[in-house]
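Residue numbers (the working numbering): 5 to 478. We treat Cβ as the ideally placed atom computed from N, Cα and C, and that holds for glycine. Remember, it's a predicted structure, so these values are computed and weren't measured experimentally.
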């Protein structure tokens with residue numbers, strides 16, 4: 005079954021950047037959320053301060069990537085920041101260049117390829133100052149990033165940085181592009197350069213620190229965490245968190261919540277259970293406060309933190325707490341779906357299945373059956389209007405339900421559920437054996453136990469033959 009990883013809530017790092025000569029206005033930070041829609045409609049994303057045509061293009065690009073909705077939202081947040089940044093930069097250019105108004109219209113219409121071509125033509129055909137060349141290169145890079153063409157954008161980010169290395173936005177965005185290209189050591193050096201630039205900028209303004217510094221420390225810490233440098237990652241997360249605390253600016257409240265979640269993930273990975281728990285709980289407080297003012301934008305983050313806490317408690321065998329937190333996660337997604345945000349039906353189904361497992365393993369079999377059955381019903385509904393959607397999740401829930409029926413001696417129902425799960429997993433394994441063969445083996449083994457308990461030796465023997473062909477000795 006598809007499993008959401010501990011760090012899945014904030015896998016996308018910030019890519020916003022500040023201005024070249026003047027900082028980009030960050031007084032109204034944006035957000036992305038699910039658009040309210042009926043169950044049968046394709047889930048779409050709405051982002052504040054992004055024109056409808058550009059949003060339409062974003063959703064087209066995300067649909068083509070075949071992501072879950074939570075993954076789409078993780079991609080949409082940095083995309084929207086880059087979009088707003090590009091619009092502000094085009095306004096700041098303001099050099100009476102004839103193509104600029106056309107470029108601005110193209111960007112607002114989501115026609116990023118044409119905008120990129122016009123900007124590149126200007127870059128190659130006009131005599132520009134060094135600072136203008138840098139800004140045009142950066143604008144081209146942004147239009148490419150808005151098409152999720154990160155490898156094509158990288159040379160333009162690099163060019164802008166090399167021509168104007170003391171501009172924070174260029175250094176930071178170059179580092180981000182290197183990280184996305186898995187060039188980690190080069191990214192580390194670029195982040196360090198961006199950090200020094202941010203500190204110089206703060207000092208020149210008479211400040212001890214800035215959002216730019218905290219943002220860079222967060223990205224640098226995550227790079228360190230993913231590279232196994234836990235102590236370095238912890239230090240930088242803590243420094244970023246202190247900066248956001250010292251700034252005392254409501255615009256950065258969500259960023260402090262993000263850093264706390266990152267820190268919780270770090271402690272979780274390094275098995276510092278108490279520290280992870282405290283970080284997650286602090287993050288939860290932040291996002292619950294934000295959700296009071298904007299539920300569609302921040303309740304999914306509340307649910308994500310609750311999910312991480314559930315995994316933490318399960319791993320620590322704190323089953324009662326795991327059940328409480330999983331139930332709270334379920335309630336968040338239930339409320340979102342009830343309020344018309346059908347995009348979260350897969351997450352609701354996931355939480356029901358997870359709750360079923362928790363109830364099952366603690367002997368609360370009636371609650372487990374109810375949760376499994378409702379999870380299966382939701383997955384079936386998704387598959388009806390999206391045949392490829394959630395098939396592996398449906399099979400996982402059916403497998404769990406079949407095992408519960410077997411444990412309660414309801415063999416006929418167990419056989420039906422497990423046979424359906426085996427058929428789905430067999431089809432999936434035939435197309436992607438490396439991904440799904442282990443799941444198929446699990447369900448076949450469960451079905452074989454049912455046949456043996458029923459005394460169906462022939463059918464149990466057939467399963468044994470299938471398992472042998474898959475390299476398993478029953």
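Where residue 173 falls: helix, strand or coil (DSSP): In this structure, DSSP gives residue 173 a helical state, which the three-state scheme calls helix.
Would you decide whether residue 462 is buried or exposed? Buried here means 16 or more other CB atoms lie within 10 Å of its CB. Exposed, because fewer than 16 other Cβ atoms sit within 10 Å of the Cβ of residue 462.
Alpha carbon to alpha carbon, what distance is there between residue 426 and residue 286? C-alpha of residue 286 to C-alpha of residue 426: approximately 42 Å in a straight line.
Skipping 5 residues on each side, what residues in its chain have a beta carbon closer than 7 Å to that of residue 112? Cβ neighbours of residue 112 within its own chain (closer than 7 Å, five residues either side excluded): 55, 57 and 58.
Let me know if residue 389 comes out buried or exposed under the rule of 16 or more other beta-carbons within 10 Å of its beta-carbon. Exposed, because fewer than 16 other Cβ atoms sit within 10 Å of the Cβ of residue 389.
Please state the DSSP three-state secondary structure of residue 152. Three-state DSSP puts residue 152 in coil, outside helix and strand.
Hey, how far is the Cα of residue 467 from the Cα of residue 417? Each residue's Cα considered, the two are about 18 Å apart.
Range of the contiguous alpha helix (DSSP H) that encloses residue 78: Segment 73-97, the alpha helix (DSSP H) holding residue 78.
What's the call for residue 352, buried or exposed, on a 16-neighbour Cβ count within 10 Å? By the neighbour-count rule (16 or more Cβ atoms within 10 Å), residue 352 is buried.
What would DSSP say about residue 40, mapped onto helix, strand or coil? Here residue 40 sits in coil by DSSP.
Could you pull out every residue in the same chain whose Cβ sits closer than 6 Å to the Cβ of residue 108, ignoring the five residues on either side in sequence? Here the set comprises 94.
Buried versus exposed call for residue 255 [16 or more other C-beta atoms within 10 Å across all chains shown]: Answer is exposed; the Cβ neighbour count stays below 16.
Under 6 Å Cβ to Cβ from residue 323, same chain only, skipping five residues before and after it: list those, please. Same-chain partners within the cutoff: 366.
For residue 264, which residues in the same chain have their Cβ closer than 8 Å to its Cβ, ignoring the five residues on either side in sequence? Short of 8 Å from the beta carbon of residue 264, and not among the five residues preceding or following it, lie these beta carbons of its own chain, in chain order: 245, 283, 284, 286, 287 and 290.
Between residue 401 and residue 357, is the Cβ-Cβ spacing less than 9 Å? Their beta carbons are under 9 Å apart, which means residue 401 touches residue 357 by this criterion.
Flag this pair as touching only if the stretch 372-382 and the stretch 74-82 have three or more C-beta atom pairs under 8 Å; answer yes or no. Judged by Cβ distances under 8 Å, the stretch 372-382 makes no contact with the stretch 74-82, as fewer than three pairs qualify.
Since I believe residue 123 is in contact with residue 144 (beta carbons under 8 Å), could you give me their beta-carbon distance rounded to a whole number of angstroms? With 8 Å as the limit, residue 144 and residue 123 qualify as a contact, their Cβ atoms being about 5 Å apart.
Residue 240 to residue 130 span [Cα, whole Å]: Distance between the alpha carbons of residue 240 and residue 130 is about 43 Å.
Residue 49 bridges to which residues according to DSSP? Note: residue 49 sits in a beta bridge opposite 38.
Check whether the stretch 169-184 touches the stretch 214-231, taking contact to mean three or more Cβ pairs, one atom from each stretch, closer than 8 Å. The stretch 169-184 vs the stretch 214-231: in contact.
Between the Cα of residue 163 and those of 66, 215 and 178, spot the shortest distance and give me the residue it belongs to. Taking the Cα of residue 163 as reference, the smallest distance to any Cα among 66, 215 and 178 is reached at 178.
Beta-carbon proximity list for residue 234, same chain, < 6 Å, skipping 5 on both sides: Here the set comprises 274.
Count the other C-beta atoms from every protein chain shown that fall within 10 angstroms of the C-beta of residue 406, then say buried if there are 16 or more, exposed otherwise. Under this definition residue 406 is a buried residue.
Tell me the rounded alpha-carbon separation between residue 355 and residue 89. Computed Cα separation, rounded: 36 Å.
Residue 3 classed as buried or exposed, judged by whether at least 16 other C-beta atoms fall within 10 angstroms: No answer is possible for residue 3: it lies beyond the span of the chain, which begins at 5 and ends at 478.
Going by the C-beta, is residue 406 closer than 8 Å to any heavy atom of the ligand FAD? Questions concerning the ligand FAD fall outside what the structure shown contains, since it holds no ligand whatsoever.
Among 435, 440, 371 and 334, nearest to residue 397 - alpha-carbon criterion: For residue 397, the closest of 435, 440, 371 and 334 by C-alpha to C-alpha distance is 440.
When we look at the beta-carbon of residue 411 and count the other beta-carbons within 10 Å, is it buried (16 or more) or exposed? So residue 411 ends up on the exposed side.
Is the distance from the Cβ of residue 474 to the Cβ of residue 432 below 9 Å? Result no, Cβ atoms of residue 474 and residue 432 do not sit closer than 9 Å.
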